[in-house]
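Residue numbers (the working numbering): 10 to 252. For each residue, glycine too, the CB sits at the ideal point set by N, CA and C. Contents: one structure, followed by commentary.
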Amino acid sequence: MDKTNTNHNSRVAITGIGIILPNTYSVDMFWKNLSEGNSQIDKITRFQTDDMTVKVAAEMNDFNWKKFLPDLEEKYAKRYNRETFAIMSAMAEARKDAKLEKNSVDPSKVGFIDSSSRSSLAWWEHAWKLYHKEKNLNIFDRYSVLTSMASNPTNLTAIYANIQGFVTTITAACVGGHHAISLCYQAIRKGRAEVMYAGGHEFPLLKPLIMMYSDPASSVMSSEKTIRSPQSNPTIAIETVLF
10 MDKTNTNHNS RVAITGIGII LPNTYSVDMF WKNLSEGNSQ IDKITRFQTD
60 DMTVKVAAEM NDFNWKKFLP DLEEKYAKRY NRETFAIMSA MAEARKDAKL
110 EKNSVDPSKV GFIDSSSRSS LAWWEHAWKL YHKEKNLNIF DRYSVLTSMA
160 SNPTNLTAIY ANIQGFVTTI TAACVGGHHA ISLCYQAIRK GRAEVMYAGG
210 HEFPLLKPLI MMYSDPASSV MSSEKTIRSP QSNPTIAIET VLF
């Protein structure tokens with residue numbers, strides 16, 4: 010990278026992809042399912058949908074973070090939720106796909122920009138249930154000051170990967186992933202970083218959220234009871250992380 014010419018624009022290349030999707034945990038499986046039209050959409054099993062019009066989604070039911078994060082210590086892992094594990098795992102897969110070793114690039118020259126429209130909403134639902142139903146006051150302890158933040162999954166992932174450059178969480182609707190990619194692109198292009206991770210994640214399968222989209226006046230989510238055909242083109246809630 011030319012450090013002497015401030016007007017120099019560095020070339021930018023996408024070198025790795027990391028994917029954690031329902032029943033799809035590698036780039037090879039992603040392309041296989043995509044090219045063959047293998048839908049992972051099925052009836053929602055996470056909660057009852059009898060009183061809702063939205064009945065189907067893509068659930069991540071068999072995700073095992075230990076396969077992707079074998080060196081994550083239990084003393085830390087016990088305080089993380091599935092959302093955080095999935096983001097960490099997707100980053101690990103992206104780094105492996107790019108053939109980058111941890112700390113092979115100066116950590117201060119590595120950054121991470123993640124996008125999510127409802128980050129940490131799953132933590133809040135879980136915490137409120139414990140507090141409201143079980144009167145568990147311990148859920149709101151000193152650790153929850155950080156775990157309740159929308160940026161917490163991003164921050165924990167950056168700490169785990171020893172990323173010491175620019176790290177932030179942005180929030181938007183579907184366009185948020187494009188924002189993350191654009192910001193990462195500019196950071197490398199202008200010489201502010203040598204490696205940037207652009208991520209996007211959603212864990213929307215919570216009953217209150219699906220109830221919102223079940224409003225009769227809403228036509229956003231599909232009300233179909235089964236989605237089997239590759240030709241179907243519905244809008245579906247999916248638990249997903251992409252890098």
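A distance below 8 Å separates the beta carbons of S128 and A159. DSSP, reduced to helix, strand and coil, places T249 within a strand of the structure shown. Exclusion of the five residues before and after K144 leaves no residue of its chain whose Cβ lies closer than 6 Å to its Cβ.
The beta carbon of L30 lies closer than 6 Å to those of T249 in the same chain, with the five residues before and after it left out. Residues K118, G120, G174, A196 of the same chain have their beta carbon placed closer than 6 Å to that of A202, with the five preceding and five following residues left out of the count.
For the 8 Å CB-CB criterion, T166 and I219 do not form a contact. Here the stretch 177–192 makes no contact with the stretch 89–108; the two share fewer than three CB pairs at distances below 8 Å. In the DSSP assignment, I122 forms a beta bridge with T177, A207.
Distance check between K52 and each of L251, F252, M221, L214 places L214 closest, using alpha-carbon atoms only. Of the candidates A207, P225, T33, P225 places its Cα closest to the Cα of D60. For L30, the three-state secondary structure derived from DSSP is strand. The beta carbon of L139 is closer than 8 Å to those of N145, I148 in its chain, skipping five residues each way along the sequence.
Assigned with DSSP and collapsed to three states, D80 falls in coil, not helix or strand. Sequence-distant partners of E134 (beyond 5 residues in either direction) whose C-beta falls short of 6 Å from its own C-beta, in its chain, are L215.
For T163, the uninterrupted alpha helix (DSSP H) run begins and ends at 161–169, by DSSP. Judged by DSSP secondary structure, F39 falls within the alpha helix (DSSP H) whose first and last residues are 36–45.
Of the residues K76, D123, T33, the one whose Cα lies closest to the Cα of C183 is D123.
The C-beta of N47 has fewer than 16 other C-beta atoms within 10 Å across all chains shown, which makes the residue exposed.
According to DSSP, residue pairing for D51 in a beta bridge involves A66. Judged by DSSP secondary structure, G186 falls within the alpha helix (DSSP H) whose first and last residues are 185–198.
By the Cβ-count criterion, V21 is exposed, with fewer than 16 other Cβ atoms from all chains shown falling within 10 Å of its own Cβ. Residue environment: P217 is assigned as exposed (fewer than 16 neighbouring CB atoms within 10 Å of its CB, all protein chains considered).
With 16 or more other CB atoms across the displayed protein chains lying within 10 angstroms of its CB, Y89 is buried. In the DSSP annotation of this structure, the continuous segment of the alpha helix (DSSP H) that includes E134 starts and ends at 130–143. Beta-carbon to beta-carbon, A189 and A207 are separated by about 4 Å, close enough to satisfy the 8 Å threshold. Here F252 is near A103, since their CB atoms are less than 8 Å apart.
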